[in-house]
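Enquirer: Heads up, the final residue of the sequence shown is numbered 394 in the working numbering, and it's a clean run with no missing numbers. Below you'll find the structure I mean.
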Amino acid sequence: MNSLQLPIGEISEQTGRLRTQIRDFLKQEKEHGAFVPKCDTWLSGFSADFSRKLGERGWIGMTWPLKYGGHERSAIERYVVIEELLAAGAPVAGHWIADRQTGPLLLRYGTDEQCREFLPRIARGECYFAIGLSEPNAGSDLAAVHTRAEKIDGGWILNGSKTWTSGAHHAHYMITLCRTSPYHPEKRHEGMSQLLVDLTAPGVTIRPILLMTGEHHFNEVFFEDVFLPENRLIGVEGNGWKQGMTELAYERSGPERFLSTYPLLEELINQLRKKGDKHLMAQGSKLVSRLCTLRQMSIGIAHLLEKGESPDIAAALVKDMGTKFEQQVAEIARLLIPTTPSTNAANRLDQLMAQAVLHAPGFTLRGGTTEILRGIVAKGVIAK
Numbered sequence: 011m012n013s014l015q016l017p018i019g020e021i022s023e024q025t026g027r028l029r030t031q032i033r034d035f036l037k038q039e040k041e042h043g044a045f046v047p048k049c050d051t052w053l054s055g056f057s058a059d060f061s062r063k064l065g066e067r068g069w070i071g072m073t074w075p076l077k078y079g080g081h082e083r084s085a086i087e088r089y090v091v092i093e094e095l096l097a098a099g100a101p102v103a104g105h106w107i108a109d110r111q112t113g114p115l116l117l118r119y120g121t122d123e124q125c126r127e128f129l130p131r132i133a134r135g136e137c138y139f140a141i142g143l144s145e146p147n148a149g150s151d152l153a154a155v156h157t158r159a160e161k162i163d164g165g166w167i168l169n170g171s172k173t174w175t176s177g178a179h180h181a182h183y184m185i186t187l188c189r190t191s192p193y194h195p196e197k198r199h200e201g202m203s204q205l206l207v208d209l210t211a212p213g214v215t216i217r218p219i220l221l222m223t224g225e226h227h228f229n230e231v232f233f234e235d236v237f238l239p240e241n242r243l244i245g246v247e248g249n250g251w252k253q254g255m256t257e258l259a260y261e262r263s264g265p266e267r268f269l270s271t272y273p274l275l276e277e278l279i280n281q282l283r284k285k286g287d288k289h290l291m292a293q294g295s296k297l298v299s300r301l302c303t304l305r306q307m308s309i310g311i312a313h314l315l316e317k318g319e320s321p322d323i324a325a326a327l328v329k330d331m332g333t334k335f336e337q338q339v340a341e342i343a344r345l346l347i348p349t350t351p352s353t354n355a356a357n358r359l360d361q362l363m364a365q366a367v368l369h370a371p372g373f374t375l376r377g378g379t380t381e382i383l384r385g386i387v388a389k390g391v392i393a394k
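Here it is, written out as structure tokens:
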């Protein structure tokens, strides 16, 4: 019988000093009023000032080469930093996508010119990127992408649209998956390329898709005869599908896939301790045990990245399980402790509950739907 070997890993004691440094920094920032911990801040918590502070401390682009503004630290050290940031509910949305996937994608497929132009700015926390994958008629079925780039003298002309583009209203650039050859129904994965789009360029329009909280996080982005120079092609023309799948592997591989509602879980456990009800605490502890399992698997993925291996199948599995867990935190919390969720509530638990519930619909959209993720895992197991 075919089987999938799931990565399980540990974090060494050598990272203890780094963890202490990031915790001390976060404590000081909270005491100075730089941020209030919230749920889901890796996508909805934007602070340009906070991103710059992380860049100054070398906590963005941690694994990248020194010549591109990186710090040549390990994937495990990076894991420790992002884990602490997520657990604290810190506002990291500005640089998050650029650090997590744009940088690694450029290092793997980009030119030296592209790396020198963008990576140092990303590492300083000064340059943000959005993801240009999904379209109105090409969400889960990404191979149905119809945004088109036509080759002309000196560059490309881009037309089409993207949707569910997280943080595009803050981002400076977007890596856009588009068709650079005609669409053929029987060869849908061919003829796609990735282009680096300046979101301030003439012909680019960004429109908000508001969350139920009224927050502006998702967007629609429209391209109308947008000119892109030749040097904005990433990798090889026609290799866009493979590159896009690599980008998605980076997107699905981190602990943000199960720590979005961690601030709510932490507050729930604190409240259960105060109640002193062993039965209720036992129910809450089940969530903690699931979190520990997901964390061990996620650390294992970090070890795969450290070895230079592709974590696509394992990342899809952890993302699927993590999405379910994030939703369970809110579902179980409301059963254990009566709440009146409100984003304006004075009660901390009520406030975090509202954030978790109202952001939950987006959990299953970003990074791939449950059906797509399970398809990836199933195909991966069969292929083993």
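Cβ atoms here follow ideal geometry from the backbone N, Cα and C, with glycine treated the same way. None of these values were measured; they are calculated from a predicted model.
1. Note down, in chain order, each residue of its chain lying with its Cβ closer than 8 Å to the Cβ of Arg300, except the 5 sequence neighbours on either side.
2. Give me the Cα-Cα distance between Glu316 and Glu200, rounded to the nearest whole angstrom.
3. Report all residues from its chain with a CB closer than 6 Å to the CB of Met222; omit the five preceding and five following residues, and keep chain order.
4. Excluding sequence positions up to five away, which residues of its chain have a Cβ less than 8 Å from the Cβ of Leu152?
5. Looking at the structure shown, is Ser171 part of a helix, part of a strand, or coil, going by DSSP?
6. What's the C-alpha gap between Ile311 and His105?
7. Are there three or more Cβ pairs, one per stretch, closer than 8 Å when the region 94-108 is compared with the region 43-62?
8. Let me know the secondary structure DSSP gives Val102 once reduced to three states.
9. Given Tyr119, which residues of its chain have a CB within under 7 Å of its CB, disregarding the five upstream and five downstream residues?
10. If you scan the region 152-227 from start to end, which runs of the beta strand (DSSP E) of 3 or more residues do you find wholly inside it?
11. Take Leu115 and list the residues in its own chain whose beta-carbon comes closer than 6 Å to its own, dropping the five residues that flank it on each side.
12. Considering only residues of the same chain and omitting the five flanking positions on each side of Thr51, which have a CB-CB separation below 7 Å?
13. Just mark Lys48 as buried or exposed, buried being the case when its beta carbon has 16 or more other beta carbons within 10 Å.
14. Counting along the chain, where does the beta strand (DSSP E) carrying Gly55 start and finish?
15. Which same chain residues, not among the five before or five after Glu39, have their C-beta less than 8 Å away from its C-beta?
16. Who are the near neighbours of Leu274 in its chain, counting only those whose CB is closer than 8 Å to its CB and skipping five residues on each side?
17. Is it a yes or a no for the region 206-217 touching the region 166-186, going by three-plus beta-carbon pairs under 8 Å?
18. When the Cα atoms are used, what is the spatial distance from Phe268 to His42?
19. Taking a contact to mean a Cβ-Cβ separation below 8 Å, would you say Asn147 touches Arg158 in this structure?
20. If the criterion is Cβ atoms closer than 8 Å, does the pair Leu238 and Trp174 meet it?
21. Is it right to say Gln8 is buried, meaning 16 or more other beta carbons lie within 10 angstroms of its own, or is it exposed?
22. With H, G and I counted as helix, E and B as strand and the rest as coil, what does DSSP make of Leu76?
23. Mapping the DSSP letters down to three states, classify Arg300 as helix, strand or coil.
24. At the level of alpha carbons, what is the spacing between Ala370 and Ser270?
25. Can you say whether Tyr138 is buried or exposed, counting buried as having 16 or more other CB atoms within 10 angstroms of its CB?
26. Less than 8 Å between the C-beta atoms of Ala324 and Leu314, yes or no?
27. Which of the three DSSP states is assigned to Glu234 in this structure?
28. I need the boundaries of the alpha helix (DSSP H) containing Ile70, first residue and last residue.
29. So, with DSSP's three-state summary, where would you put Asn357?
30. What do you get for Lys172, buried or exposed, if any count of 16 or more other CB atoms within 10 angstroms of its CB means buried?
31. Between which residues of its own chain and Lys161 is the CB-CB distance below 8 Å, once the five residues before and five after are set aside?
32. Anyone know if the C-beta pair for His81 and Gly65 falls short of 8 Å?
Expert: To lay it out plainly:
1. Phe335, Gln338
2. 30 Å
3. Leu368
4. Leu143, Ser144, Leu187, Gly254
5. strand
6. 21 Å
7. yes
8. coil
9. Ile244, Gly245, Gln253
10. 158-162, 165-173, 183-189, 202-208, 214-220
11. Glu257
12. Gly99, Ala100, Pro101, Val102, Ala103
13. buried
14. Run containing Gly55: none; DSSP gives neither H nor E here.
15. Phe45, Phe60, Lys63, Ala100
16. Cys49, Val339, Ala340, Ala343, Leu359, Leu362, Met363, Gln365, Ala366
17. yes
18. 28 Å
19. no
20. no
21. With the chain represented from 11 up to 394, any question about residue 8 goes unanswered, as that position is not in the structure.
22. helix
23. helix
24. 9 Å
25. buried
26. yes
27. strand
28. No alpha helix (DSSP H) holds Ile70; DSSP gives it neither H nor E.
29. coil
30. buried
31. Thr190
32. no
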